[in-house]
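Encoded as structure tokens, the structure appears first; notes follow it.
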Amino acid sequence: MRDSTINSDSVQFKGDALTIDNKDQFVHYVGFRNGDVRIWDLRSSQPKLISPFESSQMRSVINLKKAGEYGVICSSIGSNIKLLDLRMGKSPVRRSYRSNKNVYNVFGENMEMITDSEFFVQSKNLIEVFNVSDEEPMKVITEFEREGEPISFAKWMENYKSLYTLSNSGIQCYNSLK
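Going by our numbering, the sequence shown opens with residue 149, and the numbers climb by one from there.
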């Protein structure tokens, strides 16, 4: 019988990993400083690389989230967002978005899925909500901005169907994202 306890030295991801998300308890998506996204399956005694995705168009992957059954959304330095389709092998980029807004050259300080097809990206005082459910180019469907005050944290609360933001002046709730 296999021991279900994972020791701190039993799983290693080689490389400069910056972000991680999981599909389930065994399959993890990892984003790296060099722009790679890798999928790891931990069901074997040695974690194995299922598929490396190399994207010369992406710089450091600073945030990624599982999107639906086969999708992963990645944000990277340089104000880029990519929707990857895991079934597409070495060329997985299905859609991309490049922001024209200057957010201190860091995009995606916080990124979270709202549904399988909608997500938000929070950078400093700006929150942008995206929908990737159709084959149209990726675009912002809603945005919120706090003038002169950075948002320290943003969280989607599924139970309340609301987006909460925290800042120095308090908590703000957005009940409608459209």
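From the three backbone atoms N, C-alpha and C, an ideal C-beta is built for every residue, glycine too. It should be emphasised that the depicted structure is a prediction, and the values quoted were computed from it without experimental measurement.
Would you kindly check if the distance between the Cβ of S244 and the Cβ of M286 is under 8 Å? Position 138 of the sequence shown, counted from the first residue, corresponds to residue 286. Position 96 of the sequence shown, counted from the first residue, corresponds to residue 244. For M286 and S244, yes; Cβs fall inside 8 Å.
Nearest to G237 by alpha carbon, out of G219, P298, E295? As a position in the sequence shown, residue 237 is number 89, starting the count at 1. Nearest of G219, P298, E295 to G237, Cα basis: G219.
Is it true that the CB of V277 sits closer than 8 Å to the CB of V288? Walking along the sequence shown from the start, residue 288 turns up at place 140. Walking along the sequence shown from the start, residue 277 turns up at place 129. Result yes, Cβ atoms of V288 and V277 sit closer than 8 Å.
From I299 to K272, what distance separates their C-alpha atoms? Counting from 1 along the sequence shown, the entry for residue 299 is found at position 151. Counting from 1 along the sequence shown, the entry for residue 272 is found at position 124. Computed Cα separation, rounded: 6 Å.
To which residues of the same chain is R294 closer than 7 Å at the C-beta, ignoring the five residues directly before and after it? Taking the sequence shown and counting its residues from 1, one reaches residue 294 at position 146. Excluding positions up to five away in sequence, the list reads N273, S315.
Check R207 in the structure and name its three-state DSSP category. Position 59 of the sequence shown, counted from the start, is the residue given in the question as residue 207. Reduced to three states, the DSSP call for R207 is coil.
Report back the beta-carbon spacing between V241 and L212 to the nearest angstrom; my notes put them in contact at under 8 Å. By 1-based counting over the sequence shown, the position of residue 241 is 93. By 1-based counting over the sequence shown, the position of residue 212 is 64. With a Cβ gap of about 13 Å, V241 and L212 do not count as contacting.
Residues of its chain near G163, where Cβ-Cβ distance is below 6 Å and the 5 sequence neighbours each way are ignored: Residue mapping note: residue 163 aligns to position 15 of the sequence shown, counting from 1. The answer, listed in chain order, is F180.
Just list the beta strand (DSSP E) runs in the region 205 to 247, keeping only unbroken ones of 3 residues or longer that don't cross its boundaries, in chain order. 209 to 215, 219 to 224, 228 to 233, 241 to 246
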